[in-house]
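Enquirer: Protein chains in written order, with this note's numbering: chain V, 291 to 533; chain A, 291 to 533.
Glycine residues also receive a C-beta, built at the ideal position from the N, C-alpha and C atoms.
Here it is: the structure, laid out below.
Protein chains: 2
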Amino acid sequence: MVSLKEDKLMKIDIIVSADDIKTEKIKDKTVVVIDMLRATSVITTAISNGCKGVIPVLTVDEAAAIVRNSKEEFMLGGERNALKIEGFHYSNSPLEYTIESIQGKTLVMTTTNGTKAIKGCVGARNILIGAMINAKATANRIVDLNKDVVIVNAGTNGEFSIDDFLCSGYIIDCLIKLVKAQLTDIAVTSHYIYKNNEDIHSFIKYASHYKTITKLGLLADLEYCCTKDIINIVPEYKDGIIT
Amino acid sequence: MVSLKEDKLMKIDIIVSADDIKTEKIKDKTVVVIDMLRATSVITTAISNGCKGVIPVLTVDEAAAIVRNSKEEFMLGGERNALKIEGFHYSNSPLEYTIESIQGKTLVMTTTNGTKAIKGCVGARNILIGAMINAKATANRIVDLNKDVVIVNAGTNGEFSIDDFLCSGYIIDCLIKLVKAQLTDIAVTSHYIYKNNEDIHSFIKYASHYKTITKLGLLADLEYCCTKDIINIVPEYKDGIIT
Chain V
291 MVSLKEDKLM
301 KIDIIVSADD
311 IKTEKIKDKT
321 VVVIDMLRAT
331 SVITTAISNG
341 CKGVIPVLTV
351 DEAAAIVRNS
361 KEEFMLGGER
371 NALKIEGFHY
381 SNSPLEYTIE
391 SIQGKTLVMT
401 TTNGTKAIKG
411 CVGARNILIG
421 AMINAKATAN
431 RIVDLNKDVV
441 IVNAGTNGEF
451 SIDDFLCSGY
461 IIDCLIKLVK
471 AQLTDIAVTS
481 HYIYKNNEDI
491 HSFIKYASHY
501 KTITKLGLLA
511 DLEYCCTKDI
521 INIVPEYKDG
531 IIT
Chain A
291 MVSLKEDKLM
301 KIDIIVSADD
311 IKTEKIKDKT
321 VVVIDMLRAT
331 SVITTAISNG
341 CKGVIPVLTV
351 DEAAAIVRNS
361 KEEFMLGGER
371 NALKIEGFHY
381 SNSPLEYTIE
391 SIQGKTLVMT
401 TTNGTKAIKG
411 CVGARNILIG
421 AMINAKATAN
431 RIVDLNKDVV
441 IVNAGTNGEF
451 SIDDFLCSGY
461 IIDCLIKLVK
471 AQLTDIAVTS
481 HYIYKNNEDI
491 HSFIKYASHY
501 KTITKLGLLA
511 DLEYCCTKDI
521 INIVPEYKDG
531 IIT
C-alpha cells in the first residue's frame, strides 16, 4: 500500500463518453483515456514496439495535410467505421503495429472515437493512454503522479460503451490495491461490473461495438485487446504528440 | 408477450443525469424520469393519495411566486440539501404525503435534482414519473404508449447516481418481460446490476446519496422508496403539471 501525501484519499471518477468531457472535471487531474477496441490498444502497442510518437488527429484531411506539409516521413493509421482508410498504411488493428513495421517511425492516427477523446482531454494535468493490455502499468503510473484521477471512456459515437467501462473497472481494481481511494457512484459501478466478470469475455460480449468488430471477423484483434497486462509501458499525450 | 406494431423492437436507452439530457435523444420518445431518493417517490405517493396535481419548479422563489399570485390554495413541498425548506408545508419525505394531508390539494414542488430532470424532458412525447414503488405500472404504461423509451435518471448534482440506475434496471427487467426490446450498452449494464441485486439494498448501499440520507436518519424513507410496486399508478407531466 503506497501512502499518498498527507494520507489524502485519491478520488476516482469516470466520464463515460468523449461527448461528455467537461473541462472543470479534468482540470489539474490525471486523466486516462480508454478506447480499448481498439485505438488505445493500437497506440500502446505501437509505442511499446518502438514507434517514435503518435500524432492523433480528428480528420482524414488533417492527417493528409500533416504528411503533405512535412519533410519527415510519417506513417498513417486509423479507421472509419472500423475499416482501414484508403491510402493509409495501417488499419486500426493493433496486430499490424509490429516492431518490424513501426519501430523508429512516427504515426499520424485518426479514429472515430479514440482520437477525439484524447484531444478532448487537453487541460488535464497528465493524459495517459490506457487499455486492458497495459492496465496494471497505468495504475502504477497514476499512483506515481499522485493526483485525483478521471478515467475518460472514448465510448462509441458519443455513447456509453461496455468495453471501455469494463476496462475502467479493471484499472480501478488495480488502483485500489495500491492506494486508499474514494470512488464516485459511476466508478463503484464500473468496478462492480469488472469484479463480476474478471474474465472480461463474459461481459464484453454484450457491447454493441464488440458485436460490430465480431461481424467484421476481427477475432484476433478482440482476443489481443482483451488480454490483461501484456505491455508494461504507459503512453502519454503532451503538446500534440503521444510518446 | 405483447406484440409491438410491425413486430418492431422497442429501443431502451438511459440518460444518467439531468445534466446530460439532450433534446435529440428524447424527441418523440416515451421518457421516464427517475429520482427514487426521493422526488419521484414523493410525486407518485402524492398523486396516488389523491393530490390534484404537482407543479415542479426549479427555485424556491418560483414556488413562492406561484403561491403569491394565485387565488387557488397550494401546498409547498420539497428540499434543499435533503432538508425541508423554511416556510414549506412538506419536506421531501414521501411518508408525509398521506391521504389525510394531500387529498384534493395541489402541490408546488422544488427539489435539487428531480424537478430539474422533469422540466428538462420537455420535448419528449410523454413524460412519465417512475420510481421503485411504481416500477411495474411504469413498464405497463410504456408498453401501452408503444414508443421507444429513454429512462432519464435525475442523478445527484449532475452526477450518475447508483440509486436511480438500479431503479432503471428494475423497470427494464419488467419491460423485457412484456416486449421484445433492443437495449443500448448503458441499458444492458443497468439491467445486469439489477439482476445481480434484486433485493435492492445489496447495491443501493454503495450510492453516495443513500449515505447522505442515512446520515440524516431518514431510514423509514429509504425503506419505503426501496419497496417494489406498492403503487399501481403512473403520474405524467404535461403542460407544466403532473397528474
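Do three or more CB pairs link the segment 467-478 of chain A to the segment 413-424 of chain A at distances below 8 angstroms?
Expert: No: fewer than three Cβ pairs fall under 8 angstroms.
Enquirer: I think P346 of chain V touches I532 of chain V, with their Cβ atoms under 8 angstroms apart; what is that distance to the nearest whole Å?
Expert: Right, the Cβ-Cβ distance comes to about 7 angstroms (below 8 angstroms), so this counts as a contact.
Enquirer: With distances taken from CA atoms, which of V:E352, V:Q472, V:T428 and V:V398 is nearest C457 of chain V?
Expert: Residue V:T428 is the option with its Cα nearest to C457 of chain V.
Enquirer: Check the Cβ of S451 of chain V against every Cβ in chain A and list those closer than 7 angstroms, keeping chain order.
Expert: Ordered by position in chain A, the residues that pass the 7 angstroms Cβ test against S451 of chain V are D475.
Enquirer: Give me the residue from V:V524, V:K312, V:K374 and V:Y527 with the minimum Cα distance to I503 of chain V.
Expert: That would be V:K374, whose Cα lies nearest to the Cα of I503 of chain V.
Enquirer: Taking 7 angstroms as the CB-CB cut-off, is S498 of chain V touching chain A?
Expert: Yes, S498 of chain V counts as interfacial toward chain A.
Enquirer: Identify whether V306 of chain V lies in helix, strand or coil by the three-state DSSP scheme.
Expert: Coil.
Enquirer: Check each candidate in A:C464, A:I494, A:Y496 and A:G530 and name the one with the smallest Cα separation from D519 of chain A.
Expert: Selected option, being the one with the closest Cα: A:C464.
Enquirer: Less than 7 angstroms between CB atoms is the rule here; does V350 of chain V satisfy it with respect to chain A?
Expert: Cβ-Cβ to chain A under 7 angstroms: no for V350 of chain V.
Enquirer: Taking the alpha carbon of Y500 of chain V as the reference point, which residue from V:C516, V:E526, V:E488 and V:D489 has its own alpha carbon closest?
Expert: Ranking the options by Cα distance to Y500 of chain V, first place goes to V:C516.
Enquirer: Is the segment 413-420 of chain A touching the segment 321-329 of chain A, taking contact as three or more C-beta pairs under 8 angstroms?
Expert: Contact holds: three or more Cβ-Cβ distances are below 8 angstroms.
Enquirer: Find the residues of chain A that neighbour D310 of chain V, judging by a C-beta separation of less than 8 angstroms, and give them in chain order.
Expert: Result: D310.
Enquirer: Spell out whether any CB of chain A is found under 7 angstroms from the CB atom of V478 of chain V.
Expert: Yes, contact with chain A.
Enquirer: Just verifying my parser: in three-state terms, what is the DSSP assignment at R370 of chain V?
Expert: DSSP places R370 of chain V in strand when its eight states are reduced to three.
Enquirer: Rounded to the nearest angstrom, how far is the Cβ of A308 of chain A from that of A407 of chain A, given a contact under 8 angstroms?
Expert: So it is a contact: roughly 4 angstroms between Cβ atoms.
Enquirer: Report all residues from its chain with a CB closer than 6 angstroms to the CB of S293 of chain A; omit the five preceding and five following residues, and keep chain order.
Expert: The predicted position of S293 of chain A is uncertain, since its pLDDT is 48 and thus under 50; a value taken from the coordinates is nonetheless stated next. Within the same chain, S293 of chain A has no close Cβ partners at all.
Enquirer: Compute the beta-carbon to beta-carbon distance between K342 of chain V and G404 of chain V, rounded to the nearest angstrom, for a pair I have assumed lies under 8 angstroms.
Expert: Not a contact, Cβ separation roughly 19 angstroms.
Enquirer: Residues of chain V with a CB under 9 angstroms from the CB of N486 of chain A: which are they?
Expert: Y482 and N486, listed in chain order.
Enquirer: Just to confirm, are T334 of chain V and I521 of chain V a CB contact at a threshold of 7 angstroms?
Expert: Yes.
Enquirer: Using beta-carbon positions only, say whether I392 of chain V and A353 of chain V come within less than 7 angstroms of one another.
Expert: Not a contact, by the Cβ cut-off of 7 angstroms.
Enquirer: Can you check which of these residues, V:D438, V:K485 and V:Y460, is closest to K317 of chain V by C-alpha distance?
Expert: Checking every option, the nearest Cα to that of K317 of chain V belongs to V:D438.
Enquirer: Within a Cβ cutoff of 6 angstroms, which residues of the same chain sit near I452 of chain V, ignoring the five residues on either side of it in sequence?
Expert: Excluding residues within five positions, the ones whose Cβ falls inside 6 angstroms are Y496 and A497.
Enquirer: Run through DSSP, which three-state label would A414 of chain V get?
Expert: Strand at A414 of chain V.
Enquirer: According to DSSP, is I311 of chain V part of a helix, a strand, or is it coil?
Expert: Here I311 of chain V sits in coil by DSSP.
Enquirer: Thinking C-alpha only, which one of A:L299, A:E449 and A:V398 is nearest N359 of chain A?
Expert: Nearest of A:L299, A:E449 and A:V398 to N359 of chain A, Cα basis: A:V398.
Enquirer: Once the 5 residues before and after N447 of chain V are set aside, which same chain residues still bring their CB inside 8 angstroms of it?
Expert: Closer than 8 angstroms at Cβ, skipping near neighbours: T402 and N403.
Enquirer: Helix, strand or coil for P384 of chain A per DSSP?
Expert: It is helical.
Enquirer: Assuming N436 of chain A contacts F455 of chain A (C-beta within less than 8 angstroms), just tell me the rounded distance between them.
Expert: Actually they do not touch by this definition, with Cβ atoms about 25 angstroms apart.
Enquirer: Quick one: give me the first and last residue of the beta strand (DSSP E) that V397 of chain V is part of.
Expert: According to the sequence displayed, residue 397 of chain V carries Leu and not Val. T396 to T400 is the extent of the beta strand (DSSP E) around L397 of chain V.
Enquirer: Could you list which residues in chain A have their beta carbon closer than 9 angstroms to that of F455 of chain V, in chain order?
Expert: Residues of chain A passing the Cβ test: D475, I476 and T479.
Enquirer: Just to confirm, is the Cβ distance from I483 of chain V to G459 of chain V under 7 angstroms?
Expert: Contact: yes.
Enquirer: Would you please state the rounded distance, in angstroms, between the beta carbons of N440 of chain V and I356 of chain V? I believe it to be under 8 angstroms.
Expert: Sequence inspection shows Val at residue 440 of chain V; the Asn mentioned does not correspond to that position. That belief does not hold up - the Cβ atoms of V440 of chain V and I356 of chain V are roughly 29 angstroms apart, past 8 angstroms.
Enquirer: Curious, which full-length alpha helix (DSSP H) runs of at least 4 residues does the segment 418-447 of chain A contain?
Expert: As far as the segment 418-447 of chain A is concerned, its whole alpha helix (DSSP H) runs of at least 4 residues are 425-435.
Enquirer: Exposed or buried, which one is D529 of chain A when buried takes at least 16 other CB atoms within 10 Å?
Expert: Result: exposed.
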